[in-house]
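Right, one structure below, let's go through it.
4 protein chains.
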Amino acid sequence: MIPVANSRSDSPMPSLPQPRRIPRQSRSRALVEAILEATARVLTERGYAGTNTNLVAERAGVSVGSVYQYFPNKDALLTALHERHAAEMHAAMERALGSPSAAGADTRDLRSKLASLVQAWLAAHRVAPELHRVLEKEFPFFDAPADQSPTDQGIRQRIRALLDEHRSEVVPQDPELATWVMVQTMESLIHAAVIPPGAPCSAEAAGQAIVDLLAGYLCGQARRALP
Amino acid sequence: MIPVANSRSDSPMPSLPQPRRIPRQSRSRALVEAILEATARVLTERGYAGTNTNLVAERAGVSVGSVYQYFPNKDALLTALHERHAAEMHAAMERALGSPSAAGADTRDLRSKLASLVQAWLAAHRVAPELHRVLEKEFPFFDAPADQSPTDQGIRQRIRALLDEHRSEVVPQDPELATWVMVQTMESLIHAAVIPPGAPCSAEAAGQAIVDLLAGYLCGQARRALP
Amino acid sequence: MIPVANSRSDSPMPSLPQPRRIPRQSRSRALVEAILEATARVLTERGYAGTNTNLVAERAGVSVGSVYQYFPNKDALLTALHERHAAEMHAAMERALGSPSAAGADTRDLRSKLASLVQAWLAAHRVAPELHRVLEKEFPFFDAPADQSPTDQGIRQRIRALLDEHRSEVVPQDPELATWVMVQTMESLIHAAVIPPGAPCSAEAAGQAIVDLLAGYLCGQARRALP
Amino acid sequence: MIPVANSRSDSPMPSLPQPRRIPRQSRSRALVEAILEATARVLTERGYAGTNTNLVAERAGVSVGSVYQYFPNKDALLTALHERHAAEMHAAMERALGSPSAAGADTRDLRSKLASLVQAWLAAHRVAPELHRVLEKEFPFFDAPADQSPTDQGIRQRIRALLDEHRSEVVPQDPELATWVMVQTMESLIHAAVIPPGAPCSAEAAGQAIVDLLAGYLCGQARRALP
DNA sequence: TATGAATGAGTATTCATTCAT
DNA sequence: GATGAATGAATACTCATTCAT
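Chains as they are written, first to last, in the UniProt record's numbering: chain A, 1 to 227; chain B, 1 to 227; chain C, 1 to 227; chain D, 1 to 227.
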């Protein structure tokens, strides 16, 4: 395993960097918010190499010191942004699928649910595609630790639960493997679809194709109804 | 397009950096080879942040000046490595599918050909997974320009040709879109399967799953034979 | 043992920092000379906290990069200066005492030799007392490693040899201990004498007093001749 | 005098920084005590570079603001600690020699008194050698101003008084010079003896050697009785 | 008074790139 | 062509100090 020298200090990245202090007061929260907002903006405009803590601080209208008051290092900014993104995706998923505990309430078939999910995620990514590009394509090496982040785990588990709910419709035998295929495929294709140059078609068509792909794999037939 | 400030000079990266001179003499070629080899080694051992031109030169047993004789800047090294990788993939594809001009010679069905291709690519990636990890996961922002690289275009076209050859078996209507789905899916899943932590199963099983996914999408059924 | 966080990096100081490359060509040597000269000047003018590598480089008329080409870090500059000082003291000692191998050639008694040595060292320190102040008083924590430097060892050994040569005149039993007392006393008193506010008397008188002190300890009587 | 740029503000240090307010209430005194205690602890554990006001405040269980309520700047903390040390040495000296006003009461000869003093100081330094190491070796540039501190003056004067009491036994003519030699020698050798790597012998033997050195200088013979 | 969040100047070090030899 | 010494802009991070609450 390569020790990815990601920040200046060549120390091996110790799992997920956490905010230095959990902000409780509203002022602190606003500060953290402003810092993350500025990070997102700078990241979007200048990419990874062009992003530096001093600039982020300036853009956020705070001092560098304040940035370091809440984030132990530069990577923590990116990680926080990543986490926030994962949380948004998780929320979008919950909205699209409902909570797993409320199973049975949702009587749609697997394909319909997949369509909802893909739709919701595509919509969420269209908000700030450039930011996601940087976050997901320039720093996927944050994915390894991020995969162990609770939010990412949550996403994976929800997908797994979805497959379990519909296990009678699901063709692939190994649910673990099927979950992996699902998550990898959805993430990469949704990003590829949204991020320039994007898919060679409308977002709707791309979404449709992704659903076809997934449903074809899971249910053994790509099209809902083949005459 | 975002001007990714990747090299020291903040100038927006103008498409693909090309080798400063195409070396014709064998000595030059050996030099370029040594430099790229060293780049690959350093990249594998130390990741992106740990890679720098001086170290590459040292490892290659050349002076920095010589590196800059053949590569206009640091990014050109990585781009060249990426191109080389794409070329290898292209060659593996040719071996697996045969040249498109020799169509008709290969009488296997689409699924069999897909299986060969996935097999070949998985095998090719297992040779130096760490290098691919860095190349594909730390620098996927090269992907966009790389998509415009001739080699990548070649891969895309070969896949497109494959779908055309089997257009009778292919369910999706839009061949352009189908090609896009194919390429994106294969690339991301193969990388995900090979790069740690990898797929939650054997490489064979992962390959099988990828083929199932692709064939399900293209042919309308995931399993070769469903009774 | 306390890990003295001396440079910015909190890493434990690994014995003596060595120049990054041993300069062979005259230009390099001149560069190193200029850098050390500048370091000495800055150190003298601004003390430890006021000394920084960028300023040193500027004063030396070179770029920071060049400083780091020859010295791995800031401390190495100070260490080099310290070493150079020790070497000067060693040379002054050789001149005052003669080489130990040529024993017998010098027929003076112990007290005379001590007087020569003290004299020589006082003179050497009067050249740049402020520099020595900083070197010896602001950074004596460099002494611990420096004590293991070959030059400092050389000084200690020469003193030890001197005591051995005159073992018949020397009262204290333990030569190891006597050497320690000698070295510590000479160093601290000479520095104290030269560095402002210095001794409450002329340099000559101070030197005389130091010789009295040492000779009194070693030979059992402070004055050369007490009637 | 060199303007040692020791605190962040580059202003030349104006002699001795004094506590901002002399605390009269017990709570204040306790606060000051806690702060100094914490300073000593941090200094001992982390050395000069590792010591910072925020950490000191935290260790003291106070806010930084409170530190600055009683100490105008960081150096004042160290100066106060140094003063406290000097005071302890002064007290130890009083205990060993008796108050100078009570002269005549102590009928011991000079050498005995010196032995007592050296003994007492060695013992005092063995309590927290690391702290003294930092205090005396990392910051001896405080020595110059410290020499002007009342407590240090007190020590000097007491030594001077001692020499006067025994002026009949004292060989060196200039009492001012003799005092200077005494103070410098005792301080540096006691520190050298206690601070690692220390003297190449037991503390007792080192103390004995120091007394021999001083007595030899003052009284003209190193050993109490030479047959 | 006490607090501690906020400040921001300051600094060691790196590394892509150049160019005189 | 090849070399590698020299360059110097760039940047993460610290910490003494302030001041609104």
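Ideal Cβ placement from N, Cα and C applies to all residues, glycine included.
* Counting only runs of 4+ residues fully inside the region 105-169 of chain B, write out the alpha helix (DSSP H) ranges in chain order. => 110-126, 129-133, 143-147, 150-165
* To do: Measure the CB-CB distance between Ala-120 (chain B) and Ala-92 (chain B) and report whether it falls below 8 Å.
  => By one-based count along the second sequence, residue 120 (chain B) stands at place 120. By one-based count along the second sequence, residue 92 (chain B) stands at place 92. Against a cut-off of 8 Å, the Cβ pair of Ala-92 (chain B) and Ala-120 (chain B) comes out as a contact.
* Does the region 78-90 of chain D touch the region 166-176 of chain D, meaning 3 or more C-beta pairs lie closer than 8 Å? -> no
* To do: Please indicate yes or no: does the CB of Ala-203 (chain A) lie closer than 7 Å to some heavy atom of the ligand FMN?
  => The ligand FMN is absent from the structure shown, which contains no ligand whatsoever.
* To do: State the start and end residues of the unbroken alpha helix (DSSP H) segment that holds Ala-34 (chain B).
  => As a first step, residue 34 (chain B) is located in the second sequence; it is residue number 34 there, counting from the start. Here the alpha helix (DSSP H) through Ala-34 (chain B) covers 26-46.
* Pick helix, strand or coil for Ser-101 (chain A), following the three-state DSSP scheme. => Taking the first sequence and counting its residues from 1, the one referred to as residue 101 (chain A) is at position 101. It is helical.
* Asked: Just reading off the alpha helix (DSSP H) that Cys-219 (chain B) is part of, what are its end residues?
  -> Taking the first residue of the second sequence as 1, we reach residue 219 (chain B) at position 219. Its alpha helix (DSSP H) spans residues 203-219.
* **Interface partners of Ala-60 (chain D) on chain C, CB under 9 Å** => Within the fourth sequence, residue 60 (chain D) is the residue found at index 60, counting from 1. Near Ala-60 (chain D) there are no residues of chain C at all, since even the closest Cβ is about 20 Å away, more than 9 Å.
* Where Gly-216 (chain B) falls, given that 16 or more other Cβ within 10 Å makes a residue buried -> If you number the second sequence from 1, residue 216 (chain B) lands on position 216. Buried, because 16 or more other Cβ atoms sit within 10 Å of the Cβ of Gly-216 (chain B).
* Asked: Cβ of Thr-179 (chain D) within 8 Å of Cβ of Leu-163 (chain D)?
  -> Taking the fourth sequence and counting its residues from 1, the one referred to as residue 179 (chain D) is at position 179. Taking the fourth sequence and counting its residues from 1, the one referred to as residue 163 (chain D) is at position 163. Contact flag set, yes.
* Using a Cβ-Cβ cut-off of 8 Å, state whether Gln-119 (chain D) counts as contacting chain C. => Residue mapping note: residue 119 (chain D) aligns to position 119 of the fourth sequence, counting from 1. Output row for Gln-119 (chain D): interface = no.
* Asked: Got a sec: is the Cβ-Cβ distance from Ala-205 (chain A) to anything in chain B below 8 Å?
  -> Indexing the first sequence from 1 puts residue 205 (chain A) at position 205. Answer yes: the Cβ-Cβ gap between Ala-205 (chain A) and chain B drops below 8 Å somewhere.
* **Beta-carbon spacing of Arg-126 (chain C), Val-194 (chain C) below 8 Å** => In the third sequence, the residue the question calls residue 126 (chain C) occupies position 126. In the third sequence, the residue the question calls residue 194 (chain C) occupies position 194. Yes; because the gap between Cβ atoms is below 8 Å, this pair is in contact.
* To do: Output yes if chain A places a C-beta closer than 8 Å to the C-beta of Tyr-68 (chain B); else output no.
  => Within the second sequence, numbered from 1, the residue matching residue 68 (chain B) stands at position 68. False, the Cβ-Cβ gap to chain A never drops below 8 Å.
* Just the Cα atoms here: how many angstroms apart are Pro-175 (chain A) and Arg-167 (chain B)? -> Position 175 of the first sequence, counting from 1, holds the residue named residue 175 (chain A). Position 167 of the second sequence, counting from 1, holds the residue named residue 167 (chain B). One C-alpha to the other measures close to 32 Å.
* So, is the C-beta of Ala-146 (chain B) closer than 8 Å to a C-beta in chain A? -> Here residue 146 (chain B) refers to the residue found at position 146 of the second sequence. In this prediction, Ala-146 (chain B) has a pLDDT of 47, which is less than 50 and means its spatial position is unreliable; what the coordinates show is noted afterwards. No, Ala-146 (chain B) does not count as interfacial toward chain A.
* Do you know how far the Cα of Asp-152 (chain D) is from the Cα of Leu-43 (chain D)? -> Residue mapping note: residue 43 (chain D) aligns to position 43 of the fourth sequence, counting from 1. Residue mapping note: residue 152 (chain D) aligns to position 152 of the fourth sequence, counting from 1. Distance between the alpha carbons of Leu-43 (chain D) and Asp-152 (chain D): 22 Å.
* To do: Could you list the residues in the region 168-181 of chain C with a C-beta less than 9 Å from some C-beta on chain D, going in chain order?
  => Val-171, Pro-172, Asp-174, Glu-176, Leu-177, Ala-178, Thr-179, Trp-180, Val-181
* Asked: Apart from the five residues on each side of it in sequence, which residues of its chain come closer than 7 Å, Cβ to Cβ, to Gln-208 (chain D)?
  -> As a position in the fourth sequence, residue 208 (chain D) is number 208, starting the count at 1. Excluding positions up to five away in sequence, the list is empty.
* Residue span of the alpha helix (DSSP H) that contains Ser-66 (chain A), given as start and end -> Translated into positions along the first sequence, residue 66 (chain A) becomes position 66. 64-70 is the span of the alpha helix (DSSP H), which, as asked, contains Ser-66 (chain A).
* Cross-chain neighbours of Asp-212 (chain B) in chain A, by beta carbon under 8 Å -> Here residue 212 (chain B) corresponds to residue number 212 of the second sequence, with the count starting at 1. The contacting residues are Pro-172, Tyr-217.
* Asked: Just curious, the alpha helix (DSSP H) that Thr-51 (chain C) is in, first and last residue?
  -> As a first step, residue 51 (chain C) is located in the third sequence; it is residue number 51 there, counting from the start. From DSSP, Thr-51 (chain C) is part of no alpha helix (DSSP H); its letter is neither H nor E.
* **Status (buried if at least 16 other CB within 10 Å, exposed otherwise) for Gly-65 (chain D)** => Working through the fourth sequence from its first residue, we reach residue 65 (chain D) at position 65. Exposed, because fewer than 16 other Cβ atoms sit within 10 Å of the Cβ of Gly-65 (chain D).
* To do: Could you name the residues of the same chain whose beta carbon sits closer than 8 Å to that of Arg-84 (chain B), not counting the 5 residues immediately before and after it, in chain order?
  => Residue numbering aside, residue 84 (chain B) sits at position 84 when the second sequence is read from its first letter. Cβ within range, chain order: Leu-36.
* Asked: Which chain D residues are close to Ser-188 (chain C), counting only those with a beta carbon under 7 Å from its beta carbon?
  -> For the purposes of this step, residue 188 (chain C) is taken as the residue at position 188 of the third sequence. Ordered by position in chain D, the residues that pass the 7 Å Cβ test against Ser-188 (chain C) are Gln-184, Ser-188.
* Consult DSSP for Asp-75 (chain A) and reduce its assignment to one of helix, strand or coil. => What you label residue 75 (chain A) is simply residue 75 of the first sequence in a count that begins at 1. Note: Asp-75 (chain A) maps to helix in three-state DSSP.
* Identify the continuous alpha helix (DSSP H) that holds Ile-190 (chain A) and give its terminal residues. => Taking the first sequence and counting its residues from 1, the one referred to as residue 190 (chain A) is at position 190. Its alpha helix (DSSP H) spans residues 175-194.
* Asked: Does DSSP put Ala-199 (chain D) in a helix, a strand or coil?
  -> For the purposes of this step, residue 199 (chain D) is taken as the residue at position 199 of the fourth sequence. Three-state result, Ala-199 (chain D): coil.
* Asked: Of the residues A:His-90, A:Gly-47, A:Gly-50, which one's Cα is nearest the Cα of Arg-156 (chain A)?
  -> Locating residue 156 (chain A) in the first sequence gives position 156, counting from the first residue. Out of A:His-90, A:Gly-47, A:Gly-50, A:His-90 has the C-alpha closest to the C-alpha of Arg-156 (chain A).
* Asked: Quick one: which chain C residues come within Cβ less than 9 Å of Pro-129 (chain D)?
  -> Taking the first residue of the fourth sequence as 1, we reach residue 129 (chain D) at position 129. Under the 9 Å cutoff, chain C gives no residues; its nearest Cβ is about 10 Å from Pro-129 (chain D).
* To do: Use the C-beta contact count for Ala-47 (chain C): other C-beta atoms within 10 angstroms, 16 or more gives buried, fewer gives exposed.
  => Against the third sequence, residue 47 (chain C) aligns to sequence position 47. Correcting the residue type first, residue 47 (chain C) is Gly in the shown sequence and not Ala. Buried.
* Flag Pro-200 (chain B) as yes if its beta-carbon sits less than 8 Å from any beta-carbon of chain A, otherwise no. => Position 200 of the second sequence, counted from the start, is the residue given in the question as residue 200 (chain B). Yes, Pro-200 (chain B) counts as interfacial toward chain A.
* To do: Kindly say whether Gly-220 (chain A), judged by its beta-carbon, lies nearer than 8 Å to any beta-carbon of chain B.
  => The residue labelled residue 220 (chain A) in the question sits at position 220 within the first sequence. Interface residue, yes.
* Spatially closest choice to Asp-75 (chain D) from D:Leu-97, D:Thr-51, D:Arg-59, D:Glu-94, by CA coordinates -> Within the fourth sequence, numbered from 1, the residue matching residue 75 (chain D) stands at position 75. Nearest of D:Leu-97, D:Thr-51, D:Arg-59, D:Glu-94 to Asp-75 (chain D), Cα basis: D:Thr-51.
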